[in-house]
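So the sequence shown is residues 19 to 501, counted in this note's numbering. Glycine included, C-beta positions come from ideal geometry on N, C-alpha and C. Computed from a predicted model, the values in this text were never measured in an experiment. What follows is a short report on a single structure.
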Amino acid sequence: MQYGMASKPGLVSASAEGHGRDPVVAGRWYYQRCQALLASQLESPTLITLQCQILSASYLCVGCYPNMADSACALAVRTAYMLGLHLDPPLEMPKRQREIRKRLWWALYIQDGKFSMKLGRPFLLNPPTASCLLPGDDREEALSSGSFFTPIGDGVTWLTYNVENIKLFQAFRAAYKAFYRGPGAVSIFKDSGKDTSNSIEDQAKFVIPYLERIEDWVKGVPETLTTKRSSNGIPFSTDGSSLEIEEFASLWLQRQRLLLELTYHHLSINLYRPFIRFGAWSADTPVADKYATQCAAHAITLTQAMHHVNKSTSILTGWNEAFQWQWNATMSLVGFVFAYPSHPLSPAARNAMDLSVAVFESFGGCLAPAQKAGPIIRDLSAQADQLTKQTLGLENSVSSAQEQPLIPLSNLQLDFDTSTGNTKWGNSGAAPWGFLDELSTGAIQDMLTQSMDMAYSVDAQHFEMLPWPDVNSYPTSQWANTY
Numbered sequence: 019m020q021y022g023m024a025s026k027p028g029l030v031s032a033s034a035e036g037h038g039r040d041p042v043v044a045g046r047w048y049y050q051r052c053q054a055l056l057a058s059q060l061e062s063p064t065l066i067t068l069q070c071q072i073l074s075a076s077y078l079c080v081g082c083y084p085n086m087a088d089s090a091c092a093l094a095v096r097t098a099y100m101l102g103l104h105l106d107p108p109l110e111m112p113k114r115q116r117e118i119r120k121r122l123w124w125a126l127y128i129q130d131g132k133f134s135m136k137l138g139r140p141f142l143l144n145p146p147t148a149s150c151l152l153p154g155d156d157r158e159e160a161l162s163s164g165s166f167f168t169p170i171g172d173g174v175t176w177l178t179y180n181v182e183n184i185k186l187f188q189a190f191r192a193a194y195k196a197f198y199r200g201p202g203a204v205s206i207f208k209d210s211g212k213d214t215s216n217s218i219e220d221q222a223k224f225v226i227p228y229l230e231r232i233e234d235w236v237k238g239v240p241e242t243l244t245t246k247r248s249s250n251g252i253p254f255s256t257d258g259s260s261l262e263i264e265e266f267a268s269l270w271l272q273r274q275r276l277l278l279e280l281t282y283h284h285l286s287i288n289l290y291r292p293f294i295r296f297g298a299w300s301a302d303t304p305v306a307d308k309y310a311t312q313c314a315a316h317a318i319t320l321t322q323a324m325h326h327v328n329k330s331t332s333i334l335t336g337w338n339e340a341f342q343w344q345w346n347a348t349m350s351l352v353g354f355v356f357a358y359p360s361h362p363l364s365p366a367a368r369n370a371m372d373l374s375v376a377v378f379e380s381f382g383g384c385l386a387p388a389q390k391a392g393p394i395i396r397d398l399s400a401q402a403d404q405l406t407k408q409t410l411g412l413e414n415s416v417s418s419a420q421e422q423p424l425i426p427l428s429n430l431q432l433d434f435d436t437s438t439g440n441t442k443w444g445n446s447g448a449a450p451w452g453f454l455d456e457l458s459t460g461a462i463q464d465m466l467t468q469s470m471d472m473a474y475s476v477d478a479q480h481f482e483m484l485p486w487p488d489v490n491s492y493p494t495s496q497w498a499n500t501y
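As structure tokens, this is what we get:
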């Protein structure tokens with residue numbers, strides 16, 4: 019329902035009531051009916067129960083309800099354990115049933131990883147206690163799966179994308195877990211007001227082996243599942259080359275290739291973003307600074323890819339989660355530009371912010387949050403330009419303040435002011451941009467607070483504008499009879 023409504027351009031702007039027809043909450047009445055029926059199955063769940071729970075979490079994720087989606091995923095995880103999906107299915111079970119159980123377990127694994135890494139929370143699934151092997155993806159499995167798609171050669175079927183996606187999340191989950199459990203994690207996230215340069219650098223070095231696993235995954239992706247680049251560019255790279263969509267390939271194959279690459283860049287942004295710190299670059303943190311730059315590079319690449327695809331194809335039309343990826347990339351670009359206004363990559367990051375506005379406009383015809391995103395980014399871009407101009411005029415002051423503490427971007431949080439009802443940036447009372455003291459941090463914080471309040475509203479708008487319907491007003495007994 020979400021995809022179908024979002025595939026109709028101009029739906030939101032043409033609606034007389036606007037938010038009443040927002041595609042991200044299309045089907046909310048059906049969702050409520052689903053939850054009412056599922057409640058009676060929680061004591062004796064089946065595979066169908068789990069499938070409905072996974073789809074419910076996906077619906078909430080696309081509908082911009084991140085906490086509700088995470089809670090729904092948690093319920094699905096407990097159901098999966100009840101059904102024993104964490105164990106490899108017995109051989110005496112029919113092969114098709116074994117594969118269904120495997121695909122369900124690993125679909126939940128991906129969903130858990132997606133939500134946890136997005137929200138910065140511990141994982142719900144515990145792989146060391148699971149023995150469920152990866153699902154099959156050969157031609158026999160593809161034919162017996164119940165769906166048929168044209169084989170694409172090299173031993174690759176329509177199920178291979180799922181297997182590669184699982185491997186991608188395995189690699190990123192390992193790196194994510196290592197980062198937050200590394201030797202310097204406590205110092206970085208608890209002592210943000212102090213100089214944590216040594217801790218952030220130790221943490222950056224600690225995750226190097228895990229990042230190598232991610233690179234191994236990139237090298238192992240079958241060529242038929244990669245989107246080619248212009249000028250002999252390398253797939254999954256940040257070399258600036260544009261995508262070359264194979265015009266005559268099947269739509270499902272085009273989308274699988276594209277989603278695999280966009281997911282890779284999205285997860286890379288999430289992983290590298292904590293290395294963006296508000297403060298001057300330090301000769302003592304070369305690895306951490308490299309990762310901060312890579313965060314911006316992946317955000318730039320994702321933005322360029324999204325712009326190219328939305329401008330020239332309809333592959334992502336109605337794909338609302340892609341908007342969330344773009345929003346995530348854009349806010350990372352904002353953080354990088356504000357943190358390092360004189361960095362050599364900042365001009366490219368600033369240009370990508372402009373490009374993201376065009377991406378949001380391409381989603382705006384069918385997605386209400388996208389309509390609000392463009393003006394917010396224009397406002398932030400103007401403030402970034404002002405900050406860069408001031409910074410370049412005070413290079414000597416910046417260089418003399420390089421000993422200021424470096425504060426991870428992930429430490430900054432929006433504090434709610436109960437007296438005014440507004441939000442403001444908080445960080446243990448410390449100014450989050452250390453070396454900008456001479457640029458009137460008070461004025462800059464006022465600018466950022468105003469803009470980030472608007473940015474925060476993009477994620478929160480549905481809670482304010484689209485209340486859930488009252489389930490008690492439905493003829494649920496009729497539903498039960500016709501279900």
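Approximately 11 Å separates the beta-carbon atoms of Q272 and E279; this is outside 8 Å, ruling out the contact. Taken in chain order, the whole alpha helix (DSSP H) runs of length 4 or more contained in the stretch 147 to 193 are 157 to 162. Beta-bridge pairing by DSSP links R247 to L261.
When R291, Q322 and A340 are compared, the shortest CA-CA separation from T256 is found for Q322. Per DSSP, the unbroken alpha helix (DSSP H) holding S134 starts and ends at K113 to L137. Non-local beta-carbon contacts of F293 in its own chain, meaning distances under 6 Å to residues more than five positions away in sequence, involve A306, Y309 and A310 in chain order.
The closest CA to that of V225, considering only T245, F254, T244 and K195, is found on K195. M19 carries a coil assignment under DSSP once its states are collapsed to helix, strand and coil. Separation of G22 and A189 (C-alpha to C-alpha, rounded to the nearest whole angstrom) is 33 Å.
A distance below 8 Å separates the beta carbons of A87 and A75.
By the Cβ rule, the stretch 153 to 164 does not count as touching the stretch 105 to 112, because fewer than three pairs are nearer than 8 Å.
Measuring C-alpha to C-alpha distances from E182 to each of V352, R121, Y49 and A24 identifies R121 as the nearest.
Taking a cut-off of 8 Å on C-beta distances, the stretch 163 to 179 does not touch the stretch 129 to 147, as fewer than three cross pairs fall below it. The Cβ atoms of M324 and V375 lie no closer than 8 Å to each other. Cβ neighbours of T147 within its own chain (closer than 8 Å, five residues either side excluded): H104. Ranking R396, C384, A317 and V327 by CA distance to the CA of S350 puts A317 first.
For W270, the enclosing alpha helix (DSSP H) covers residues L269 to Y290. Going by DSSP, Y83 is part of no alpha helix (DSSP H) at all; its letter is neither H nor E. For K237, the enclosing alpha helix (DSSP H) stretches over residues I226 to G238. Comparing C-alpha distances from I184 to each of R116, K407 and Y282 shows the shortest one belongs to Y282. Q20 is positioned such that its CB atom lies closer than 8 Å to that of A44.
A direct Cα-Cα distance of roughly 14 Å separates K246 from V236. Membership of A44 in any alpha helix (DSSP H) is not indicated, and neither H nor E is assigned to it by DSSP. Ranked by Cα distance from Y228, the options T244, L289 and L385 are led by L289.
Per the coordinates, the alpha-carbon of F356 lies some 11 Å from the alpha-carbon of A400. Assignment of G383 by DSSP, reduced to helix, strand and coil, places it in the coil class.
A direct Cα-to-Cα measurement between Q71 and F381 gives close to 28 Å. D106 sits in coil when the DSSP states are folded into three classes, being neither helix nor strand. Comparing alpha-carbon positions, the option among G138, P140 and T97 lying closest to R119 turns out to be T97.
Following the DSSP letters along the chain, one finds N328 inside the alpha helix (DSSP H) bounded by residues P304 to S330. For the 8 Å CB-CB criterion, S89 and G336 do not form a contact.
N250 sits exposed, since fewer than 16 C-beta atoms from the chains shown fall within 10 Å of its C-beta. Bounds of any alpha helix (DSSP H) do not take in Q59, whose DSSP letter is neither H nor E.
Cβ-Cβ separation between T303 and I218: approximately 6 Å, consistent with a contact (criterion under 8 Å). In the displayed model, S255 falls within coil according to three-state DSSP, outside both helix and strand.
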